[in-house]
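According to my numbering, the sequence shown is numbered sequentially starting from 2.
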Amino acid sequence: MAEVSLREYGPAVSVELSAATGRSLAASGILLSVTPDPGRSGHWLLRAGSRVGAVRTPGGPVVRIMPKTPVARLFFLLGYSLDPGRAWREGGEGAVDTGAYDDVVPALAHAVERQIDRALRLGVLQGYRRVEESALVVRGRLLEAEQIRRHFGRTPPVEIAYDAYTADIAENRILRAATERLLRLPDVPGVVRRRLAHQRVRLADAQALTRGQEMPSWQPSRLNFRYQPALRLAEAVLRDMSPEHRAPEADPLAVDGFLLDMNKLFEDFVTTALREALRGRGLTAHLQDTHHLDRAGLVRVRPDLVVRDGDGRTPVAVVDAKYKVAKADGQLNADLYQALTYATVLGLREAHLVYASGRRPERTHHVQGTATGPHDLGIRLHQHSLDLAHEPGRLLASVEQIASRLGRDPSNP
């Protein structure tokens, strides 16, 4: 089988795989489950979880995982999470343009190429970079210690250092690396592939990154302002690539592909959007705050978002985002126990759980035994719901409604 299409959290599909590829794929964590098919020799049952996109396995099929969320909305969530301040909205300069593509990889490749083209429209950005090299003539500053260590008693060459004005800077390296990674992906349409190849030529003066090399760092500035939307999207591409998965006690499975974890994407969007919505309310939002359940500090807890008052010290609300789909009611119970733990540790009378629409109904749970008097409602656990199928404006309005309930006086439900 040349390729197999799966659906996010959909039914398992029986696929013919070698035993080695099946075992490596099972241990890689790419899919929710990979098990031998008891009814068909040489076949494996593949079931997708929260990761969507496509990967090419050596000696095996291209595995394509379709998301339940519309692709255009998925990339709105991604773009807004990366940089809400740069108008990552439909029609804005930082909007993630997915074209007419309704699959993750083609849409991603198109979006990155369009952003790179926009970034390079005024030419390739150049900057100063420190260079240390051996040369036949002195240029810049002589590195005396290196000259003595390497060439004592002999000249030339000379060891020198100087600042070169060049296109070989971090920003261009990142864009080139993202372009080259995308060119290796399965499912990139021919027209997009040709445009990506053209962008690679334009970035040829930037040093290529090798597999496993750490991504270079860059700082936002006035000079690279036009590059910033492309850079943030390119970094997301490089972070979410899956070039190699090493399974314990199994051969490494080297794959080229792009996999986006919907759990993390939803969490990033909810926390970023709530943080933006709280800016004008005199409240501050802290992401992934670390706290401890016990006084000894042995049990650590990390809520997705803690809302504090204007001075940034006093917690007034806690939020956890939950995209995941669960079959058993026990999973909902676990979410509620977790929210109750957060409220207890932070000394709050309520906690909030935000689910993707259709996962859980909106509801408020009053925790027994926590009321301190006849007029005290006790600790309350609120379930909220966001419909990811809604257009961006309506989706952000729903986030605003949730934000309006954070830090509200508990005596005024």
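Note that the Cβ used here is the ideal one computed from N, Cα and C, for glycine as well.
Quick caveat: nothing in here was measured; it's all calculated off a predicted structure.
(request) Please confirm whether E320 and V368 have their CB atoms less than 9 Å apart. (result) Counting from 1 along the sequence shown, the entry for residue 320 is found at position 319. Counting from 1 along the sequence shown, the entry for residue 368 is found at position 367. Note that residue 320 is Val in the sequence shown, not Glu. Not a contact, by the Cβ cut-off of 9 Å.
(request) Please name the residue in A207, Y343, S51 and T273 whose C-alpha comes closest to that of D84. (result) What you label residue 84 is simply residue 83 of the sequence shown in a count that begins at 1. The shortest C-alpha separation from D84 is found at T273.
(message) Among the candidates G61, R227, L333 and W219, whose CA atom is the shortest distance from the CA of A171?
(response) Here residue 171 corresponds to residue number 170 of the sequence shown, with the count starting at 1. For A171, the nearest C-alpha among the options comes from W219.
(request) Please classify V308: does DSSP put it in a helix, a strand, or coil? (result) To locate residue 308, count along the sequence shown from 1; it is residue 307. In the structure shown, V308 sits in a strand (DSSP, three-state: E or B).
(request) With DSSP as the reference, please indicate the residues paired to D164 in a beta bridge. (result) By one-based count along the sequence shown, residue 164 stands at place 163. Answer by DSSP bridge pairing, in chain order: R131.
(request) On a CA-only basis, which of S135, S25 and L337 is nearest K323? Give me that one, please. (result) Taking the first residue of the sequence shown as 1, we reach residue 323 at position 322. Residue L337 is the option with its Cα nearest to K323.
(request) State buried or exposed for V202, treating a residue as buried only when at least 16 other CB atoms are found within 10 Å of its CB. (result) What you label residue 202 is simply residue 201 of the sequence shown in a count that begins at 1. Per the 10 Å Cβ criterion, exposed.
(message) One question on the structure: do A278 and A404 come within less than 9 Å of each other, judged by their Cβ atoms?
(response) Translated into positions along the sequence shown, residue 278 becomes position 277. Translated into positions along the sequence shown, residue 404 becomes position 403. Yes. Within cutoff.
(request) Out of A13, D104 and L186, point me to the one whose CA is closest to S34's CA. (result) The sequence position of residue 34 within the sequence shown is 33, counting from 1. Out of A13, D104 and L186, A13 has the C-alpha closest to the C-alpha of S34.
(request) Using alpha carbons as the reference points, say which of A168, D164, A112 and A207 lies closest to R194. (result) Start at 1 with the first residue of the sequence shown, and residue 194 comes out as number 193. When each option's Cα is compared against that of R194, the closest is A112.
(request) Over the uninterrupted alpha helix (DSSP H) stretch that includes S405, give me the two end residues. (result) The residue you call residue 405 lines up with position 404 of the sequence shown. Taken as a continuous stretch (DSSP letters only), the alpha helix (DSSP H) holding S405 covers P393 to S405.
(request) Leaving out five residues on either side along the sequence, give the residues of the same chain with a beta carbon under 6 Å from the beta carbon of A27. (result) Locating residue 27 in the sequence shown gives position 26, counting from the first residue. Contacts found: V35.
(message) Using 8 Å for Cβ pairs, my map puts N173 next to L123. What's the rounded Cβ distance?
(response) To locate residue 173, count along the sequence shown from 1; it is residue 172. To locate residue 123, count along the sequence shown from 1; it is residue 122. At roughly 14 Å, the Cβ-Cβ gap does not stay under 8 Å, so N173 and L123 are not in contact.
(message) For D388, count the other beta carbons within 10 Å of its own beta carbon; 16 or more makes it buried, fewer makes it exposed. Which is it?
(response) For the purposes of this step, residue 388 is identified with residue 387 of the sequence shown, where counting begins at 1. Exposed, because fewer than 16 other Cβ atoms sit within 10 Å of the Cβ of D388.
(request) Per DSSP, which residues does M67 bridge with? Please list them. (result) Translated into positions along the sequence shown, residue 67 becomes position 66. M67 pairs with R8.
(request) State the CB to CB distance for the pair P230 and Q116, rounded to an integer number of angstroms; the pair is presumed to be in contact (CB under 8 Å). (result) The residue labelled residue 230 in the question sits at position 229 within the sequence shown. The residue labelled residue 116 in the question sits at position 115 within the sequence shown. Sure, about 5 Å apart at Cβ, within 8 Å.
(message) For the ligand GDP, I want to know if L382 counts as a neighbour, meaning its beta carbon is within less than 8 Å of at least one of the ligand's heavy atoms.
(response) As for the ligand GDP, it is missing from this structure, which has no ligand bound.
(message) Quick check on Y228: does DSSP put it in helix, strand or coil?
(response) Numbered from its first residue, the sequence shown carries residue 228 at position 227. Helix at Y228.
(message) For G281 and E392, what's the separation of their Cα atoms in angstroms?
(response) To locate residue 281, count along the sequence shown from 1; it is residue 280. To locate residue 392, count along the sequence shown from 1; it is residue 391. Answer to the nearest angstrom: the Cα atoms are 23 Å apart.
(request) Verify whether the separation of the beta carbon atoms of G100 and L186 is less than 9 Å. (result) Stepping through the sequence shown from its first residue, residue 100 is reached at position 99. Stepping through the sequence shown from its first residue, residue 186 is reached at position 185. In this structure, L186 does not lie closer than 9 Å to G100 by Cβ.
(request) Would you kindly work out how many angstroms separate the C-alpha atoms of V132 and P217, rounded to a whole number? (result) Here residue 132 refers to the residue found at position 131 of the sequence shown. Here residue 217 refers to the residue found at position 216 of the sequence shown. Using only the alpha carbons, I get a separation of about 16 Å.
(message) Could you tell me the alpha carbon to alpha carbon distance between A237 and G313, rounded to whole angstroms?
(response) As a first step, residue 237 must be located in the sequence shown, where it is residue number 236. As a first step, residue 313 must be located in the sequence shown, where it is residue number 312. Near 30 Å, if we compare the C-alpha coordinates of G313 and A237.
(message) On a Cα-Cα basis, can you pick out the residue from A340, K69, F76 and D310 that is closest to H287?
(response) Here residue 287 corresponds to residue number 286 of the sequence shown, with the count starting at 1. It is D310.
(message) Going by C-alpha to C-alpha distance, which of R395, L275, V400 and R296 sits closest to V307?
(response) Along the sequence shown, one-based indexing puts residue 307 at 306. Looking at the Cα atoms, L275 is the closest of the given residues.
(request) Would you mind stating whether W45 and V63 have Cβ atoms separated by less than 9 Å? (result) Reading the sequence shown from its first residue, position 44 is the one you call residue 45. Reading the sequence shown from its first residue, position 62 is the one you call residue 63. No. Outside cutoff.
(message) What residue range does the beta strand (DSSP E) around L123 cover?
(response) Taking the sequence shown and counting its residues from 1, one reaches residue 123 at position 122. It is not in any beta strand (DSSP E) - L123 carries neither H nor E in the DSSP assignment.
(message) My output table needs one value for G86: the three-state DSSP class, helix, strand or coil.
(response) Numbered from its first residue, the sequence shown carries residue 86 at position 85. Helix.
(message) Are the CB atoms of L261 and P71 within a distance shorter than 9 Å?
(response) What you label residue 71 is simply residue 70 of the sequence shown in a count that begins at 1. What you label residue 261 is simply residue 260 of the sequence shown in a count that begins at 1. The answer is no: Cβ separation not under 9 Å.
(request) Give a yes or no on whether the C-beta atoms belonging to N225 and L121 are separated by under 9 Å. (result) To locate residue 225, count along the sequence shown from 1; it is residue 224. To locate residue 121, count along the sequence shown from 1; it is residue 120. Contact: no.
(request) Would you check if the distance between the CB atom of A207 and the CB atom of A235 is smaller than 9 Å? (result) Translated into positions along the sequence shown, residue 207 becomes position 206. Translated into positions along the sequence shown, residue 235 becomes position 234. No, they are not a contact pair.
(request) Using only alpha-carbon positions, find the residue among R350, G370, E114 and R8 that is nearest to T180. (result) In the sequence shown, the residue the question calls residue 180 occupies position 179. The shortest C-alpha separation from T180 is found at E114.
(message) If you reduce the DSSP assignment to three classes, tell me which class R364 lands in.
(response) On the sequence shown, position 363 is the one that residue 364 refers to. In this structure, R364 counts as strand in the three-state DSSP scheme.
(request) Determine whether the Cβ of V307 lies closer than 9 Å to any Cβ atom of chain C. (result) Looking at the structure shown, chain C is missing, and only one protein chain is on hand.
(message) If you reduce the DSSP assignment to three classes, tell me which class E114 lands in.
(response) Taking the first residue of the sequence shown as position 1, residue 114 is located at position 113. Reduced to three states, the DSSP call for E114 is helix.
(request) Taking G54 as part of the beta strand (DSSP E), name the residues at either end of that continuous run. (result) By one-based count along the sequence shown, residue 54 stands at place 53. Run containing G54: R52 to R57, per the beta strand (DSSP E) assignment.
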